[in-house]
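Here it is as structure tokens:
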């Protein structure tokens, strides 16, 4: 989720602070999720997805591995 969150946030050209404001979370917590220091609950996953304008499943998709 950490990699997807960072990628999707960058795709939307949002800072961690902007995402935090729109999701009702702290920028420090968003950063911790992006670094995979903490795991997000289902509720938090929903808040982040809503703020990004995406489906929650997008945050959980496994990225295709380049070989």
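Residue numbers (the UniProt record's numbering): 1 to 67. All C-beta atoms, glycine included, are put in the ideal place defined by N, C-alpha and C.
For the 8 Å CB-CB criterion, residue 27 and residue 17 form a contact. Secondary structure of residue 50 (DSSP, three-state): helix. Contact between residue 23 and residue 54 fails: their C-beta atoms lie close to 12 Å from each other, not under 8 Å. Under the three-state reduction of DSSP, residue 37 is assigned to coil, being neither helix nor strand.
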